[in-house]
Each structure stands twice: as structure tokens, then as C-alpha cells.
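See structure below.
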Amino acid sequence: MQWDIVIGLEIHVQLATRTKIFSGSSTAYGAEPNTQANAVDLAMPGTLPVPNEQAFRYAVMFGLAVNAEIERRSVFERKNYFYPDLPKGYQTTQLARPIVGPGYVDIELGNGESKRVRIHHAHLEEDAGKSLHEAIHDSMGHGMTGVDLNRAGTPLIEVVTEPDMNNAEEAVAFAKKLHGIVTSLGICDGDMSQGSMRFDVNISLKPRGSDTLGTRTETKNLNSFRFMEQAIAHEVERQMDILEDGGTITQETRLYNGDRDESRSMRTKEEANDYRYFPCPDLLPVVLDDAFIEEARNSLPELPDTRKARFMDQYGLNDYDAGLLAGDSKLAALFEETVLHGKDAKLSANWILGEFSARLNADEKSVAQAPVDGKQLGNLVARIADNTISSAGAKKVFEALWAGDNGDVDAIIDAKGLKQVSDTGELEKMVDEVLSGMPDQVAQYQNEEDPKKRKKMLGGFMGPLMKASKGQGNPKLFNEILARKLDG
Amino acid sequence: MTISRKDIEKVAVLARIQVDDEQVSALEKDLGNILDLVDQLSAADTESVEPLAHPLDAVQRLRPDEVTETDQRAAFQAIAPATENGLYLAPRVIE
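Residue numbers (our numbering), protein chains in the order written: chain Z, 2 to 489; chain A, 1499 to 1593.
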């Protein structure tokens, strides 16, 4: 049977506020355990939450960026469950009146088409702490769970989409688009390895063309685009196997292990928690006035779609390159810095999307962690553009920059002797010398009538020429001179 | 409205409270009375009344995003039942 895949996403986005949503504790990542967990975060008796204005501003900015209605009167509710990393015994969240109402995001697909993914809503809530289950024992040797509450109370927005995606490509495209939006807005650092964005994927299958949705499963806490893609492929296959064998899908929450490409059931619907939501008596309704929302609207920076259009217009980039560069705010900033110093926009784009991105991936680094900055890349591009170095030489300079021995492009070119000889008189002399030493090859070339073969044979002279010039002759000029002398 | 033994047992599990059979019978009566009271409230016509999120007719004050708290881990962990390497310890939970 042919199946339709139906995918909806829930995305937890950690907001880049300095402090927690309900207390003045720092949210800085990587602190010693529990040094950023105060009396409110620990749920000490008698403490009361005071909401962080910036979290609301960020949520409103997000809502405006995804074309959503903003709820002016936000109410918080308690979602009750027991877990060691949730000291209060409930998560303060929103249910009936989330701050961001229905909106949408348009995604671009590989075939050049675009698709609209609707957002059901997005709500503000607090993150839980972290539980560590490994190698902790009490004095009796019983296994214990260690709890770090530094993350407890970090503001999140949970974005819930409609089930508008039909394959892994669309889901990943949406996830990347959302990542580009929140990082461009500056409301999230986007660092997925640190859990700043976490994805839950709801998947169901239905017979092709059917109007009735199948039973869905939810795969939780995917923290990379690659794992998300793999987890979807894995879950679709698992459900298809069950359905084709005449089985039924159990509505359940599953955990995916990306390192092993395995998933297991976490809890089924029957075991699902009854969260007993009710309005939080510790918090009054938060009312946002028009001035607050307009201020947020005026502070919206350039978003990926607008930036892409500008890159195509201002720098003459093609649709594909512009989309890649504009989609990530840090990459976009690096590109503009590179062009500022390197002038040649197309060459800058090629280097960033080529060599630079390849090295980032190979070293598993983010743009911010890259050892090469836009000014260095720009200087490198400028030296390629003005023929000071060949592209092979440029790769050597890039490697040196990446290794960080010396930050100055021109100094590296000098130190490594990579400067191309572009003096035509000097090059011409070398060509004459090399040709006079290869009379047989010259005769063979001149007797060949097929222009394709001639072109290929021209390459045979390049090796000796590069040798004669100690690798520093400008290959483009060598080619021109060769063609002129041999054909003329 | 009535509440069944099964409801009471379920709520007890959710609240992590242990109740024995005798207590369940007593709770059945007490909670039943409370729910009857709620039923009386439900009988009121609230057609044109905006749902109330909080009994106070006030609006939440917000706080600027500035760090105001310092590290007081030592003081908090002095009263914790068990800690190790800065972590609070709890009986092991396995997902």
C-alpha cells in the first residue's frame, strides 16, 4: 500500500535572556552545578515568582516574525507532575491563553517550490533542571539521581505546528527556517549542542489520499537536524512495517538514540500523565499594551527572507547561495564582513559555502567558533581576485589561517612564497624556455587537428611550466601565453 | 456529583499520597461533599461573565532582565538531605 506521512513539530526554544523567567538568577551556560539556582528556582516555601519582562518581549518578537496574533492578556497555569529536576512539582506554563496565537512560516524545498507551514500557537514556559543518572551512589551503595537546577526556570517558548509536513525534508527545512528566524531575532543563541533548541516530532501514516489521520507517535528531544532526519526515517519505517503486517500503532512517546539509530517507547497514552492544569495563583495575568507590542515590532531586525532577497539584489547572488547565506544570521554577518574586505561577492560566497563550511563541518564547529573571521576571509578573497595568489595557493593560506599560526593573509602569502608571478614578460620567458626544451610535444600539438585534443595536450605543458616557475606562475596567464605561442 | 473510589485512588497516585481503604471511604464522603458545593456554584448563570484567571483584579508586575541573585549554593545544600559534587541527590529515577 502507498502511505502518506503526516508530521507536526513541537519545538522548545530557550530564550537568550540574562536571567530566568521567574527569578533574577543568571542563565549563563556551563556554570558549576546549582550555583545559579536560588530560592525561587528551588521552590523554597514562601517564595514568589516575578516574571522577566524580556522573556515577554522575545516571545512577542517571535510572534510578529511568524505572522501571528499576539495575545495581550497572558495567563500562566500549573502543569503538575513529579520529577526530581522539577522542584515545585509543577511546571509554570501556558495552556488556554498562550502569548502567540496562530501564525505561519514559508519554507523552501529542494525542488525550488515553497510551502506554508502553519503554527498552531507558541507559549511561554520554564525549563526544568537536569538529571544525571550515572555513577552516583549513596552511602549504602544505592543508585541515586544527581540533580543540577541551574537550568530550572530558564525561559522557553514552545512552538507547536499544525501537521503540515509530509516528509523528513520538509520537517528539517522548517526546523532550519525556525532556527534562522530565532537566531536572526537574537532571542535564542541557536546552539543545539547545548540544548538551546530541542525538537519533538509527531508522526503518523495514513493510506494515500485518505482524509482520516492515523494514530501518531511522538519522538522527543531531538537536538540536531541530522538526528531529526534520521529519527523521522526510522519512525516512518517502523510504523509502515507494523501497518503492512496488519498491526496497529500505539499512541505513545518514544525516545530516539541517534548514535545507534534505535528508538524505544517511553510511555504510552494509558500511562500518560494527568497533568491537572489549573491557573497559577502565584501569578496575575500579564497584560501587554499596544506600546509594548509596537516597541517589539520596531525592534525586529532583518529576517532571513528579507535578507535573502537583499543578498540577491545587492550582491547578485543566485537563489540557492543567497538562501543558504541568509538563513543563518551568523553566516550572513560573516558573508557581509567578507565582502566588505574582499569586494568580490560571488567569490566570497563560494569560499564561505565551500572551503569554510566544509572545514566547519569537518571540525564540528559553529560559525562563532570558527578560527577564521570575515576580515581574514575577505583579505584572502581580495588576493585571489587581484591574481596575487592562485586558488591552490589560496587553499594553503586558508589552512594556515584555520590553524591559527598567523592571522595576516599577506604575511602568510609572503612566508609561504605563494605569490603568483603575473608579470607577462617574465612568464613569456619561461614559456619560451620550456617550449624549446619540448620540441616533440610542440610538433605533436601543432599536428593535432581536433581542438578538444589540442586543449587537453595544452595541459601537458603546464606541469613543466609550474615547475619552472616554482609553482608561482599564474596558471591563467600561462594558458593564454601558451595558446598564443602554439596556435599563432 | 459523586466521586468514585477509583477516582480517589487515581488522584492519590498522581499526588504521591498513600491512602488505605478506610481513608478512601472517608475521603469519598468528604470529597463528595466538596464537589456538591462546586455543583451549586456551577448552577449559577455565568453566560456573560469573563472567566477569571485570578481573584485579584490586578495586573502582573514585570521585572527587568538583570541578574539580582548571587550564588548561595553552600547555604541551600547545608539543609539538603544529600548532595555530591554540587548536585542534589534524589532516589534514582529511571525513565
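Think of the CB as a built atom: it goes at the ideal place given N, C-alpha and C, for glycine as much as any other residue.
A69 of chain Z burial status per 10 Å Cβ neighbour count (16 or more: buried): That one is buried.
Closer than 8 Å at the beta carbon, the chain A residues around R277 of chain Z: Simply L1512.
Interface flag, P282 of chain Z vs chain A, CB-CB below 8 Å: Closer than 8 Å: yes.
Validate contact between the region 12 to 23 of chain Z and the region 1542 to 1554 of chain A using beta carbons, cut 8 Å, 3 pairs: Using a Cβ-Cβ distance cut-off of 8 Å, the region 12 to 23 of chain Z and the region 1542 to 1554 of chain A are not in contact, since fewer than three pairs of beta carbons, one from each stretch, lie closer than that value.
Every unbroken alpha helix (DSSP H) inside the region 110 to 180 of chain Z [4 residues or more]: Segments of the alpha helix (DSSP H) lying fully in the region 110 to 180 of chain Z: there are none.
Between the CA atoms of K177 of chain Z and A32 of chain Z - distance to the nearest angstrom: Approximately 28 Å between the Cα atoms of the pair.
Beta-carbon proximity check, I204 of chain Z vs I182 of chain Z, cutoff 8 Å: The Cβ atoms of I204 of chain Z and I182 of chain Z lie no closer than 8 Å to each other.
Under 7 Å by beta carbon: chain Z residues contacting A1613 of chain A: Nothing about residue 1613 of chain A can be reported from this structure: the residues present for chain A run from 1499 to 1593 only.
Terminal residues of the alpha helix (DSSP H) in which R277 of chain Z lies: DSSP places R277 of chain Z outside any alpha helix (DSSP H), giving it a letter other than H or E.
Minimum Cβ-Cβ distance from A1576 of chain A to chain Z less than 8 Å: Judged by the 8 Å Cβ criterion, A1576 of chain A is not in contact with chain Z.
Coarse secondary structure for T254 of chain Z, derived from DSSP in three states: Three-state DSSP puts T254 of chain Z in a strand.
Under 8 Å by beta carbon: chain Z residues contacting D1505 of chain A: Scanning chain Z for C-beta atoms nearer than 8 Å to the C-beta of D1505 of chain A yields nothing, as the closest lies near 11 Å away.
V118 of chain Z to V106 of chain Z span [Cα, whole Å]: The alpha-carbon atoms of V118 of chain Z and V106 of chain Z are separated by roughly 5 Å.
S349 of chain Z, enclosing alpha helix (DSSP H) - first and last residue: Here the alpha helix (DSSP H) through S349 of chain Z covers 346 to 352.
Burial state of V1536 of chain A, where buried means 16 or more other Cβ atoms lie within 10 Å: Answer is exposed; the Cβ neighbour count stays below 16.
Own chain residues within Cβ distance below 6 Å of K456 of chain Z, not counting five before or after: Result list for K456 of chain Z: empty, nothing under 6 Å.
Within 8 Å, strictly: CB atoms of T216 of chain Z and I243 of chain Z: Contact annotation: T216 of chain Z and I243 of chain Z have beta-carbon atoms that are not nearer than 8 Å.
Min CB distance T1500 of chain A to chain Z below 8 Å: Not a single C-beta of chain Z is nearer than 8 Å to the C-beta of T1500 of chain A.
Contacts around N380 of chain Z, its chain only, beta-carbon distance under 6 Å, and the 5 residues preceding and following it disregarded: Within the same chain, and ignoring the five residues on either side of N380 of chain Z in sequence, the residues whose Cβ sits closer than 6 Å to its Cβ are H342, V410.
Neighbour flag for F228 of chain Z against chain A, beta carbons, 8 Å: Chain A, which has no Cβ nearer than 8 Å to the Cβ of F228 of chain Z, makes this no.
The region 35 to 51 of chain Z / the region 1564 to 1581 of chain A touching (three or more Cβ pairs under 8 Å): The region 35 to 51 of chain Z makes contact with the region 1564 to 1581 of chain A, as at least three CB pairs between them are under 8 Å.
Host alpha helix (DSSP H) of L244 of chain Z (start-end): Segment 226 to 245, the alpha helix (DSSP H) holding L244 of chain Z.
Contact list for the region 1558 to 1587 of chain A against chain Z, Cβ threshold 8 Å: Listed by position along the chain: Q1558, R1559, L1560, R1561, P1562, D1563, E1564, V1565, T1566, E1567, D1569, Q1570, R1571, F1574, Q1575, A1580, E1582, N1583, G1584, L1585, Y1586, L1587.
Contacts of L1554 of chain A in chain Z (Cβ-Cβ under 9 Å): The contacting residues are L285.
E450 of chain Z, DSSP secondary structure in three states: E450 of chain Z: coil per DSSP, three-state reduction.
Beta-carbon spacing of V173 of chain Z, M229 of chain Z below 8 Å: The beta carbons of V173 of chain Z and M229 of chain Z sit closer together than 8 Å.
Under 7 Å from the C-beta of Q15 of chain Z: neighbouring residues of chain C: Within the model displayed, chain C is absent; protein chains Z and A are what it includes.
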